[in-house]
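Undergrad:
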Amino acid sequence: MKITKPRGTRDFLPEDTRKRRYVEGILRQVVKNWGFSEIITPTFENLELFTLKSGEGVIGELYNFTDKGDREMTLRPELTAPVMRMYVNEMQAYQQPLKLFYFENCFRYERPQKGRFREFWQFGVELIGSKRMDADAEVIALATEMLKAVGIKGDLNVNNLGVIRHLLSVLETENQSKIMRLVDKKDYEGLDNFLEEINAPADLRQKLIELISLTGNDAIAKARDILGELPEIDDFQELLTMLDAYGVEYTINFGIARGLDYYTGTVFEIYAEGLGAQNQVCGGGSYQLIQLFGGGDVPSTGFGLGFDRIMEVCELETPDDVPVVIIAKDSTRLDAIKAANELRKHMPVYNDLMKRNFKAQLSHANNIGAKHVIIIGEKEVEAGKVMLKDMVSGEQELLVIDEVITKLTNK
RNA sequence: GCCGGGGUAGGGUAGCGGUUAUCCUGUAGCCCUGUGGAGGCUACGAUUCGAGUUCGAUUCUCGAUCCCGGCCCCA
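Numbering (my numbering), first residue to last: 733 to 1143.
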């Protein structure tokens, strides 16, 4: 009986892992240059953390379990809630704004499809403590910068939910939420029916329908035409002006809603091509969650990047790290070990572990793509040197170890 | 939870009621004990699982499972 990996999980082979780590490294470098610090939260949390944030309904999509102390636990399905919990538990006295990032695996019990797995990786950023548009603009600019750094062309859509919420403020809170969800799903028929059902004022319905279809350069002006002067529209304009200064390209889209109640102002989504139905590689915005977890009224802005989807469309060439291969004879194996010790202070080195004969060792070096081999036989040991062979040109020269190191590290 | 398409050595495949289950590639070894890439030879290695139909199932039927894509959902 062969044991296979659980559904929706993946094994990453050496070549996959090399590329993932390489791309991860680039993303890390970018966020660090923007002054964000990495944090790590537990792989599992109390179930309540997520039901509090997203409702009881999420349990259906969670990998939850009861532990041996009868505690309801779950593998984390996302990291915003854990980070906010961490902030409330132990970081409230930190200097603000707090600029945090994470790169961790998350778990959701869902049907796998293209770009969707049961174990997946999120690279996310949370900026805690500023309600200014400056914070939102920096976070959005960072997201686009990260994608650019790994060579992905994303289509950024931005909205400010304050505008639509302002329009809806005369309605009951519950109805507002329902409308936001319908807008998020772009279910305009359902939206129409619902507005009919709750007997929404005719001019509100008219304005809402017009507003959510606004996209593109003149969308702000049109929004003003429809709704008049609003502080929320001014905020939105301020954000866009800063995005221009950052050199970020965006599409204004009053139809982006992000479904959930705790998104209050700026929201954004980034889509990439080549991903099928799951084409969103990044989503985020400003939100109010900290009070929900027992903290103060502290605003935050953040986003999550779908790392697996990024890998799916990322075409970066990963530099490979092919080792130098030492070729030894039976009688010089110990000398080979000693030479390897020296060389490994500077570069990756393979030594024969298969007791292959001379020719087979060379052949193996060729098969794994070695650019250089170092031959250590009786003659070389006798001369106190090693033979460096260039596997591309075929040339070889007799050198002492230090000369080899100099030669190979200066390339 | 729902819908569609698939599962034959590690990877890629042929066979479509009876074969010793085909070929390519791979891995290890030999030809060849101090010089790789080519070639030859040898070895290793597969019908996803379970039930049914049949004298006989890799092949047909049903169920499960996993993979791929889509719906729902998407924090």
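Each residue gets a CB set at the ideal place from its N, CA and C atoms; glycine is no exception.
With contact counted as at least three CB pairs below 8 angstroms, one residue from each stretch, are the segment 1002 to 1016 and the segment 879 to 888 in contact?
TA: Touching, per the Cβ criterion.
Undergrad: What is the DSSP secondary structure of I1022, reduced to helix, strand or coil?
TA: The residue labelled residue 1022 in the question sits at position 290 within the first sequence. Residue state, collapsed to three classes: coil.
Undergrad: Measuring straight from C-alpha to C-alpha, what distance separates K800 and Y819?
TA: Residue 800 sits at position 68 when you count from the first residue of the first sequence. Residue 819 sits at position 87 when you count from the first residue of the first sequence. Going by the C-alpha atoms only, they are around 28 angstroms apart.
Undergrad: Count the CB pairs spanning the segment 888 to 901 and the segment 990 to 1008 that are closer than 8 angstroms, and state whether there are at least three.
TA: Short answer: they touch.
Undergrad: Thinking just about the alpha-carbon of each residue, which of K785, D967, G1028, K910 is nearest to the one in D868?
TA: In the first sequence, the residue the question calls residue 868 occupies position 136. Nearest option by C-alpha distance: D967.
Undergrad: Go through its chain and collect everything with a Cβ distance to V1054's Cβ below 8 angstroms, but skip five positions before and after it.
TA: Position 322 of the first sequence, counted from the first residue, corresponds to residue 1054. These residues qualify, in order along the chain: P1080, I1100, G1101, A1102, K1103.
Undergrad: For the alpha helix (DSSP H) containing S786, list its first residue and its last residue.
TA: Counting from one through the first sequence, the residue named residue 786 turns up at place 54. Note, S786: alpha helix (DSSP H), 779 to 786.
Undergrad: Along the alpha helix (DSSP H) that carries K1121, what are the first and last residues, could you check?
TA: Counting from 1 along the first sequence, the entry for residue 1121 is found at position 389. Counting along the chain, K1121 falls outside any alpha helix (DSSP H), though it belongs to the beta strand (DSSP E) covering 1118 to 1122.
Undergrad: Just to confirm before moving on: does the CB-CB distance between L943 and L900 stay below 8 angstroms?
TA: The sequence position of residue 943 within the first sequence is 211, counting from 1. The sequence position of residue 900 within the first sequence is 168, counting from 1. Taking 8 angstroms as the Cβ cut-off, L943 and L900 do not qualify as a contacting pair.
Undergrad: My output table needs one value for S901: the three-state DSSP class, helix, strand or coil.
TA: Within the first sequence, numbered from 1, the residue matching residue 901 stands at position 169. Coil, per DSSP.
Undergrad: Just to check my reading of the structure: G1036 and G757 have Cβ atoms closer than 8 angstroms, yes? What is that Cβ distance to the nearest angstrom?
TA: Along the first sequence, read from residue 1 onward, the residue named residue 1036 stands at position 304. Along the first sequence, read from residue 1 onward, the residue named residue 757 stands at position 25. Between G757 and G1036 the Cβ distance is about 19 angstroms, and since that is not below 8 angstroms, they are no contact.
Undergrad: Quick check on the burial criterion: 16 or more other C-beta atoms within 10 angstroms. Buried or exposed for G1026?
TA: Working through the first sequence from its first residue, we reach residue 1026 at position 294. G1026 should be labelled exposed.
Undergrad: Per DSSP, I860 is paired with what?
TA: Counting from one through the first sequence, the residue named residue 860 turns up at place 128. The partner list for I860 (beta bridge, DSSP) reads L830, S1032.
Undergrad: At a cut of 8 angstroms, does the segment 1030 to 1048 reach the segment 857 to 865 through at least three beta carbon pairs?
TA: With the cut-off at 8 angstroms, the segment 1030 to 1048 and the segment 857 to 865 touch.
Undergrad: Please give me, in chain order, every unbroken run of the beta strand (DSSP E) with length at least 3 that falls completely inside the segment 1074 to 1121.
TA: Complete beta strand (DSSP E) runs here, min 3: 1081 to 1083, 1104 to 1108.
Undergrad: Assuming P814 and E777 are in contact, meaning their beta carbons sit under 8 angstroms apart, how far apart are those beta carbons, in whole angstroms?
TA: As a position in the first sequence, residue 814 is number 82, starting the count at 1. As a position in the first sequence, residue 777 is number 45, starting the count at 1. That belief holds up - the Cβ atoms of P814 and E777 are roughly 6 angstroms apart, short of 8 angstroms.
Undergrad: Where does S1095 land, buried or exposed, given buried means 16+ other C-beta within 10 angstroms?
TA: Numbered from 1 along the first sequence, position 363 holds the residue referred to as residue 1095. With fewer than 16 other Cβ atoms within 10 Å, it is exposed.
Undergrad: Under DSSP, the alpha helix (DSSP H) around T798 begins and ends at which residues?
TA: What you label residue 798 is simply residue 66 of the first sequence in a count that begins at 1. Element bounds for T798: not the alpha helix (DSSP H) but the beta strand (DSSP E), 796 to 798.
Undergrad: Using the three-state DSSP reduction, which class does A932 fall into: helix, strand or coil?
TA: Indexing the first sequence from 1 puts residue 932 at position 200. A932 falls in the coil class under three-state DSSP.
Undergrad: As an exercise, report each continuous beta strand (DSSP E) stretch of at least 3 residues that is fully enclosed by the segment 839 to 893, in chain order.
TA: Segments of the beta strand (DSSP E) lying fully in the segment 839 to 893: 851 to 860, 887 to 892.
Undergrad: Would you report the Cα separation of N765 and Y982, rounded to the nearest angstrom?
TA: Within the first sequence, numbered from 1, the residue matching residue 765 stands at position 33. Within the first sequence, numbered from 1, the residue matching residue 982 stands at position 250. Whole-angstrom Cα-Cα distance: 23 angstroms.
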